[in-house]
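S.K.: Note that my numbering gives residue 341 to position 339 of the sequence shown, counting from 1, and the numbers run on in steps of one.
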Amino acid sequence: MNRLSENYLFDIDGSVLEGGGQILRMALCFSVLTKTPVRIRNIRQGRKKPGLAAQHLAGVELMRDICQGRVHKAALGSTEIEFYPGHIGHGRFVGHIQTAGSITLLLQAALPVAIFSSGPVTLDLRGGTNTDMAPQVDFLTEIFRPNMERFGASFDFDLMRRGYFPKGGGQCVVEVRPVQSLRPISLVDVGTVNRIFGWSFVAGVLPLKVYLRWNCSDCSIKIAHEMASGAKSTLNQCTGSRADIEVYKESVDMAPEGNCSGIIVGCETNTGAILGGSALGEARKKSFQSGEEAAHEIHSALSAGACVDRHVQDMMIILMALADGKSRIRTEPLTMHTKTAIHVTELMTKAKFNIIEGDGRNVIIECDGIGLRNPSRELTSLLVAKHDRPSVNMSPNFIPSSRHDFIDRESYENILSTSSPV
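1. What does the Cβ neighbour count give for Lys234, buried or exposed, with the cut at 16 atoms within 10 Å?
2. Compare the C-alpha of Ala303 against each of Val365, Lys341, Pro258 and name the closest.
3. If you check the beta carbons only, do Arg312 and Glu334 fall under 8 Å apart?
4. In whole angstroms, give me the CA-to-CA distance for Arg147 and Ile90.
5. Buried or exposed: where does Lys50 fall if 16 or more other Cβ atoms within 10 Å of its Cβ makes it buried?
6. Only counting runs of 4 or more residues, tell me where the alpha helix (DSSP H) segments fall wholly within the region 166-251, in order along the chain.
7. When you compare each of Gly232, Phe167, Asn196 to Gly206 by their alpha carbons, which one comes out closest?
8. Based on DSSP bridge pairs, tell me the residues matched to Val73.
9. With Gly61 as the anchor, note down where its alpha helix (DSSP H) starts and where it stops.
10. Where do the ends of the beta strand (DSSP E) carrying Thr38 lie?
11. Determine the direct distance from the alpha carbon of Leu237 to that of Asp191, and round the result to whole angstroms.
12. Judging by CA-CA distance, which residue of Gly170, Met318, Val34, Ala155 is the nearest neighbour of Pro180?
13. Considering only the beta carbon of each residue, do Val115 and Leu59 sit closer than 8 Å?
14. Does DSSP put Arg27 in a helix, a strand or coil?
15. Taking only three categories from DSSP, how would you classify Phe355?
16. Assign Gln110 to one of two classes, buried (16 or more other C-beta atoms within 10 Å of its C-beta) or exposed (fewer than that).
17. Which of the three DSSP states is assigned to Ile320 in this structure?
18. Can you name, in chain order, every residue of its own chain whose Cβ lies under 8 Å from the Cβ of Lys354, other than the five neighbours on each side?
19. Going by DSSP, what residue range makes up the alpha helix (DSSP H) through Ile105?
20. How should Met135 be labelled, buried or exposed, when 16 other C-beta atoms within 10 angstroms of its C-beta is the threshold for buried?
21. Suppose the cutoff is 6 Å on Cβ atoms and the five residues either side in sequence are ignored; what does the same chain contact list for Glu415 look like?
22. Have a look at Ser222, Cys240, Phe12, His345 and flag the residue whose alpha-carbon is nearest the alpha-carbon of Asn356.
23. CA-CA distance, Ser231 and Leu78?
24. Checking contacts by CB at 8 Å: is Arg375 closer than that to chain B?
25. What does the Cβ neighbour count give for Pro122, buried or exposed, with the cut at 16 atoms within 10 Å?
26. Give the straight-line distance between the Cα atoms of Ile247 and Gly268, rounded to the nearest whole angstrom.
27. So what's His389 in DSSP terms, helix, strand or just coil?
28. What does the Cβ neighbour count give for Gly93, buried or exposed, with the cut at 16 atoms within 10 Å?
29. Check His98 in the structure and name its three-state DSSP category.
30. Excluding sequence positions up to five away, which residues of its chain have a Cβ less than 6 Å from the Cβ of Val96?
31. Thinking C-beta only, is Val139 closer than 8 Å to Leu161?
32. Looking at the unbroken alpha helix (DSSP H) that takes in Arg147, where does it start and where does it end?
33. Give the DSSP-derived three-state secondary structure of Leu19 in the structure shown.
34. With DSSP as the reference, please indicate the residues paired to Cys369 in a beta bridge.
35. Gly293 to Gln70, Cα distance in whole Å?
36. Give the DSSP-derived three-state secondary structure of Ser120 in the structure shown.
Here's what the structure looks like:
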């Protein structure tokens, strides 16, 4: 159940559906964009260790800093927080996880907020770059970013240093240029394969048993070659196209700590669809098999006639919701992450989604977006001048859709003045 309670907090239950960190990230994002104070409870109730882990706490603090907001009860292990958004600023903001927690998950929350900022935003993000249970940073830049650009927004990404489990230590600098609004998209025809591309890498000093297996002194690069071979074999069989996969060993300067191997593959079609697949190497799994798994993810999307793969699927929901008009994407059957994303979005905005079932292999997701706008200061001042007492949505940086319900400015500013930062 969600409600606007007597103390003006919109209540979000973090245990529903996926029951993980995604509910927290999306609730914070919409809280900032719609100027809605929230209470998020039962945080990560569906996980073995509920509550805020290091990467989630870093995300809360990053969102607080970007919007100059306030937060109560945020600490490691917290299962409930109260978040009071302020006005989105611009400049440089640091998100430091302190562990190998995923940098990409930090960016997933901060990016939609940054594109509606009052000026350029630099996000200095530190943690894990290639980690399990989260998109690798290369997947974000090469697969997700082209899909995001269809909405008229983008970002520059500078990988300073890679970070792997268990120490992390990676660093990425992301430059975001604000937009006035997002345009709706229609992506329902996958077309035919134009090209297949990818990267297979190895980094760090691998265990001795790896070298004994290959019978050489420094043959870790062969692991990357094996992953590439597995992917190429599968992709050639299912598409008939030759895959161009770069194989490399990461430099010590770029990956000073830990060891890792992985692969990212992409497929571009003649309609502009970009599909992706990825995998990390595992000690108990043959490298060839890891490459096959990454390729099978692309094969799955193509076989379904999908224009958006299952990993990008949930990341598109917030962009569709904020866009000015109706968006349509054909994708694989909904993942639990996507169902959760739609649930939180419809709770916190007036965006409406419609799922059109296909033949069982794919679905079309339709969304009537709220048309969030980030007007110029001149336009904002004209609108504010027309109101003797502007509501909280008449901030210097934002005018969210008039279909939202907001508390009055005096009550909201009283909340901000009486709350304290983490």
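Even for Gly, the Cβ is constructed at its ideal location relative to N, Cα and C.
Every value quoted in this text rests on a predicted model; they were computed, and no experiment measured them.
M.R.: The structure says:
1. Around the beta carbon of Lys234, 16 or more other beta carbons lie within 10 angstroms, which makes this residue buried.
2. Val365
3. yes
4. 22 Å
5. exposed
6. 210-216, 223-241
7. Phe167
8. Phe85
9. 56-68
10. Per DSSP, Thr38 belongs to no beta strand (DSSP E) and is neither H nor E.
11. 20 Å
12. Ala155
13. no
14. Residue state, collapsed to three classes: helix.
15. Of the three classes helix, strand and coil, the one that applies to Phe355 here is strand, per DSSP.
16. buried
17. helix
18. For Lys354, the CB contacts under 8 Å within the same chain, skipping 5 residues up- and downstream, are Glu348, Cys369, Asp370 in chain order.
19. 105-116
20. exposed
21. Unreliable positioning characterises Glu415 in this predicted model, as indicated by a pLDDT of 47, which lies under 50. A coordinate reading is not provided.
22. Comparing Cα positions, the closest option is His345.
23. 42 Å
24. In the displayed structure, chain B is absent; only one protein chain is listed.
25. exposed
26. Near 9 Å, if we compare the C-alpha coordinates of Gly268 and Ile247.
27. For His389, the predicted structure reports a pLDDT of 38, less than 50, and the residue's modelled location is therefore unreliable. A value from the coordinates is still provided. It is coil, neither helix nor strand.
28. exposed
29. Reduced to three states, the DSSP call for His98 is strand.
30. Asp126
31. Yes, the Cβ-Cβ distance between Leu161 and Val139 is below 8 Å.
32. 147-151
33. coil
34. Ser329, Phe355
35. 44 Å
36. Three-state DSSP puts Ser120 in coil, outside helix and strand.
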